[in-house]
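Numbering (my numbering), first residue to last: 314 to 765.
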Amino acid sequence: MANTSRSIHGQWSSRFAFILAATGSAVGLGNIWKFPYITGENGGGAFVMVYLACVAALGIPIMIAEIMLGRRGRQSPINTMQSLAQEAGRDPRWHYLGWSGMIAGFLILAYYSVIAGWAMAYIFKAFFGAFIGSDAIEIKQLFDDLMAKPTQQIFWHSAFMFLTMAVVMRGVQGGLEKAVRFLMPTLFVLLVVLVGYAMTTGTYDQGVDFLFTPDFSKIDADAVLTAMGHAFFTLSLGMGAIMIYGSYLPGDVSIARTTFYIAGADTVVALLASIAIFPLVFANNLEVGAGPGLIFQTLPLAFGQMTGGWLFGIVFFVLLFFAALSSSISLIEPAVAWLVENREIERHQACVWSGLSCWALGVAVVFSFNVWSDVTLFGKNLFELLDYLTANLLLPLGGMAIAIFVGWQMQRHHAEQELALPSSGFDVWYLLIRYLAPAAVFLVFLHVAGIL
Ligand code: PHE
314 MANTSRSIHG QWSSRFAFIL AATGSAVGLG NIWKFPYITG ENGGGAFVMV
364 YLACVAALGI PIMIAEIMLG RRGRQSPINT MQSLAQEAGR DPRWHYLGWS
414 GMIAGFLILA YYSVIAGWAM AYIFKAFFGA FIGSDAIEIK QLFDDLMAKP
464 TQQIFWHSAF MFLTMAVVMR GVQGGLEKAV RFLMPTLFVL LVVLVGYAMT
514 TGTYDQGVDF LFTPDFSKID ADAVLTAMGH AFFTLSLGMG AIMIYGSYLP
564 GDVSIARTTF YIAGADTVVA LLASIAIFPL VFANNLEVGA GPGLIFQTLP
614 LAFGQMTGGW LFGIVFFVLL FFAALSSSIS LIEPAVAWLV ENREIERHQA
664 CVWSGLSCWA LGVAVVFSFN VWSDVTLFGK NLFELLDYLT ANLLLPLGGM
714 AIAIFVGWQM QRHHAEQELA LPSSGFDVWY LLIRYLAPAA VFLVFLHVAG
764 IL
C-alpha cells in the first residue's frame, strides 16, 4: 500500500516536479565549476572513472535510501531520523545523523554562495563585453582582479544569499518548484552549444583523451577520496538535502526510477561541462590544475571568440547562477524545516536567522581568497578547509551512516514497502546498501588514513 502521509511543510505537485527539484539540487556548481577543476587537479581519465564508478555503485543506491528515509519520516532530517529510529526500535541517537547533515549543508552553503556570487559577477562582465577579443592572459587577469577585491565578492555573495533565502521563504511549491521548471532544459542546450564550439578548437581530441583515457598511476588514495566525496556532493547526498526533498514526495511515486533520472542527468551535465572546457584548456596552453578559477578562465575565452559569444556568455552565466540557486535552496532547507518544527518559529523567521549566520561565514570565506589567504590550518585556507571537511568527510560519512541505518537498523519490510520494487531489483539494491556501500566508504577512509 502506498504511503499516504504528508509533511507539514508541503508536498511536490507531481512526480515531475520532484524530479525537477531534485535534479535542480543535484545539478549545480558541483557539475560545472567543481567537477572540471578537480578532474584537472587529479590527472583526468582515471579520476573520472573512479568518480563514475562511485556514482553507479554508491551514489545511486544511497540516493534511493536517502529519498526513502525522507518520505517515510516526512520531517526535517533530524526529526525524521529520530522517528524512524524509534519506529525500528533503535537508538534515538541516530538523530545525530540529521545534525551532521544540517551542519554540513550550512558549511557548504557558506562557500557555495561565494562561488555563485562569482558567477553573478560574470553575468555583468559578459554583458559589458569584457570577454570580447580577449586572450588567455587578459581573461585570467579579469578573474585575478575579482579575487583580489573582497568588497565586490561580498556584494555578490550577499546578493546570492538574499535570493536563496527569498526562494526558500516561499516554501515548497511556490518557491522551490517554480525556480527550477525552466532552467534544466535550457542549461542542457547551452552546454551542447559549448561542446560544439569545443569541437572547433583543434584540441578537441586532446581534451577528450585527457578525460577518458585512464592512467591509474596518476591517482592516489586522496584522489580516490576526492572522487568518492564528489559523487556524494554532486548528487546532494549524505547531508539531508535529498532526504528533505523526499519528505515532500507523494507516496505513490517510484523512488528507484526517479533516482536513475536524477543521477543520469547530473552525470551528463558534469561530463558535458568537462568536454566543453578541456579542449579550451589545451588550445590556450592553460593549466589543467588551475583550481577553482578554471571555468572562469576558460569559458570566457570561448565566448570572446565564437559567433554569438556575447549572448551565449550572458546566458551561460545566468544559467550557472540558476543552477547554483536551485542547489543552494536545498542546502539550507533541512535547517529551515528543523527550526520551524522544533523552535516553533515561522518559516520566514527561520530563513532570516539561518541565512544571516550562513552569510557571515561566507564573508570569512571571501577573505580566504585574498586578505586571509595566508591563514591556513593543515595547509588549507578556510575555503579549502570547508570544502574538504564537507565533501571529503561529512558527506561520505553521512552516506555511509544512511546505508548502515537502512541496511542494518530499519526493518527490511518497511524498505520493501516504500520502494515497491520487483524482488530481484530490491535484492540487488539491498546487497549494495548493506554491504558494498558501507564497506567501500570505510575502506577508502582506511586507505587515506594510511592504515591500509
Ligand atoms: N549537488 C550540488 C552541486 O553539485 C551541491 C549540493 C551538495 C547541494 C549537497 C545540496 C547538497 O552543485
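All C-beta atoms in this analysis are idealised placements derived from N, C-alpha and C, irrespective of residue type, glycine included. Predicted, not measured: the structure shown is a model, and the values here were computed from it.
Check	Outcome
Stretch pair the stretch 355-369 + the stretch 549-557: three plus CB contacts closer than 8 Å	no
K693, DSSP secondary structure in three states	strand
N-terminal and C-terminal residue of the alpha helix (DSSP H) that T514 is part of	Taken as a continuous stretch (DSSP letters only), T514 belongs to no alpha helix (DSSP H), as it is neither H nor E.
Spatial neighbours of V481 in its chain, beta-carbon cut-off 7 Å, leaving aside the 5 residues before and after	G488, I642, I645, E646, V649 and C664
Contact under 8 Å by Cβ, A586 with Y510	no
Cβ neighbour criterion (16 or more within 10 Å) applied to G372	buried
Top-ranked residue by Cα proximity to R725, from G763, D740, T620 and Q610	D740
Cβ contact check for the stretch 438-458 and the stretch 693-713: 3 or more pairs under 8 Å	no
Whole-angstrom distance between E600 and G720, CA atom to CA atom	44 Å
Euclidean distance between Cα positions of Q722 and V679	42 Å
Nearest to V653 (by Cα), restricted to the options N392, A576, R319 and T580	N392
Cut-off 6 Å between Cβ atoms - residues of its own chain near M314, not counting five sequence neighbours on either side	Unreliable positioning characterises M314 in this predicted model, as indicated by a pLDDT of 49, which lies under 50. The coordinate reading is nonetheless provided below. Cβ neighbours of M314 beyond the five flanking positions: none.
Separation of Q399 from L632, as counted between CA atoms	43 Å
Identity of the residues DSSP links to S320 by a beta bridge	G323
Buried or exposed (CB count within 10 angstroms, at least 16 for buried), P405	exposed
V658 versus A677: straight-line alpha-carbon distance, rounded	In the sequence as presented, Val is not what sits at residue 658; that position holds Ile. Their Cα atoms are separated by approximately 28 Å.
Option nearest L584 by Cα separation, candidates G341, R656 and A536	G341
8 Å Cβ cutoff, G553 in contact with chain C	Absent from the structure is chain C; it holds one protein chain and no more.
Heavy atom of the ligand PHE within 7 Å of T571 beta-carbon	no
Own chain partners of W469 with C-beta closer than 6 Å, once the 5 adjacent residues on each side are dropped	G430, M433 and A434
The stretch 326-344 in contact with the stretch 622-639 per 3-pair CB rule at 8 Å	yes
Exposure label - F573; buried when at least 16 CB within 10 Å	exposed
Proximity test, F696 beta-carbon vs the ligand PHE heavy atom, cut-off 7 Å	no
Inter-stretch contact at 8 Å, needing at least 3 Cβ pairs: the stretch 617-628 / the stretch 492-510	yes
heavy atom of the ligand PHE below 7 Å from L342 C-beta	yes
Cβ neighbours of N705 in the same chain (closer than 6 Å, five flanking residues each side left out)	L538 and G542
Where M314 falls: helix, strand or coil (DSSP)	For M314, the predicted structure reports a pLDDT of 49, less than 50, and the residue's modelled location is therefore unreliable. A value from the coordinates is still provided. Coil.
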